[in-house]
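Each residue of the sequence shown is one higher than the last, beginning at 4 in the numbering used here. For every residue, glycine included, the Cβ atom is placed at its ideal position computed from N, Cα and C. Here the structure is a predicted model, which means the values were calculated and not measured. One structure is given below, encoded as structure tokens.
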Amino acid sequence: MQTVLFHSVIFGPIRSRRLGNSLGVNLSPVDGKICSFDCLYCEAGFNAQGPGTSGLPSREEVRRQLDEKLSQMKADGQPLDVITFSGNGEPTLHPDFEGIIDDTLALRDRYFPQVKVSVLSNSTRLHDERVVRALRRVDNNILKLDSAVDATMRIIDRPASPDFTVRRAIEGIAQFAGKAIVQTMLLRGDIDGVPVDNTTDAEIDALVDACRRIAPESVMLYSIDRQTPCRTLRKVDREELELIARRFRNAGLVVQVN
């Protein structure tokens, strides 16, 4: 099983193909994974590896480490485009997520006021008003919607909750009234003998319809860029991504292809 974990709370900066020069914040354990999805393509590996023993970092520890890192970067004149919450799992699962976002925005304003704050989330916690409040305050509220077909979503994303549905995700993202970016991983493959492909005409039609209802700030389409824990997945090439993006644009949606 592949496990490529971030072994620190603050990591980078790294060059993100979607966001630029990005300083990462990992609110999951530094020696394991905690996520409400168990995606076939997750670079951090499958949830079966376990949560490790370090536990979640405290709000105070996140603030202290981020303060130290930003202070040092400012003193060294290092460039920075974005502070990004991602890491070894779903960041909005942290019980102090809202307070950590407040701290991050304050530190950003102190050291790098021009820098954006981004959160990569799988959309499973949008029923929690504290999470929603926090996501409304960040610059880039990036929310996953890999398929608008329940059966496909369950194969690709493998949500922990049997109650999680595409409809729930769409309604959750739509509540941001345009202050959200929909992020979709496009792929195809064969999973335990079951074919999966979220690039078919029916899948793309459903995604376009869902995004019309959501009316996001933009749609971010991308495909596999690194080795995945499920080795039978196949990347969608750039040319095909651009053809798919055209269908979103024809529906009046702003699309980024990465």
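In the three-state DSSP reduction, R111 falls in the helix class (H, G or I). In the structure shown, K238 falls within a strand segment according to DSSP collapsed to helix, strand and coil. Distance from the Cα of I184 is smallest, within the candidate group L96, R111, K119, L123, for L123.
In this structure, Q259 sits near S221, with a CB-CB distance shorter than 8 Å.
Note: M188 is bridge-paired with Y225 in the DSSP secondary-structure output. Within the same chain, I207, V211 come within 7 Å of R250 by CB-CB distance, once the 5 residues on both sides are set aside.
R18 is bridged by DSSP to N24. Secondary structure of N201 (DSSP, three-state): coil.
A straight-line Cα-Cα distance of about 11 Å links K119 and N24. The beta carbons of G48 and P162 sit no closer together than 8 Å.
About 6 Å separates the CB atoms of M76 and L83; that is less than 8 Å, so the two are in contact. Three or more beta-carbon pairs drawn from the stretch 93-101 and the stretch 34-50 are found closer than 8 Å, and the two stretches are therefore classed as touching. With fewer than 16 neighbouring CB atoms inside 10 Å of its own CB, G80 falls in the exposed class. In the DSSP assignment, L138 falls within the unbroken alpha helix (DSSP H) covering 132-140. The alpha carbon of R157 has as its nearest neighbour, out of K238, Q117, P198, the alpha carbon of P198. The three-state reading of DSSP puts G196 in coil, since its state is none of H, G, I, E or B.
DSSP places I158 inside the alpha helix (DSSP H), whose first and last residues are 153-160. In the same chain as V169, and ignoring 5 residues on each side of it, the C-beta atoms closer than 6 Å to its own belong to A151, D153, M156, in chain order. Here L244 is near L224, since their CB atoms are less than 8 Å apart. CA-to-CA, the gap between V12 and L59 works out to about 9 Å. CA-CA distance, I159 to S226, rounds to 13 Å. Boundaries of the beta strand (DSSP E) around K147: 143-147.
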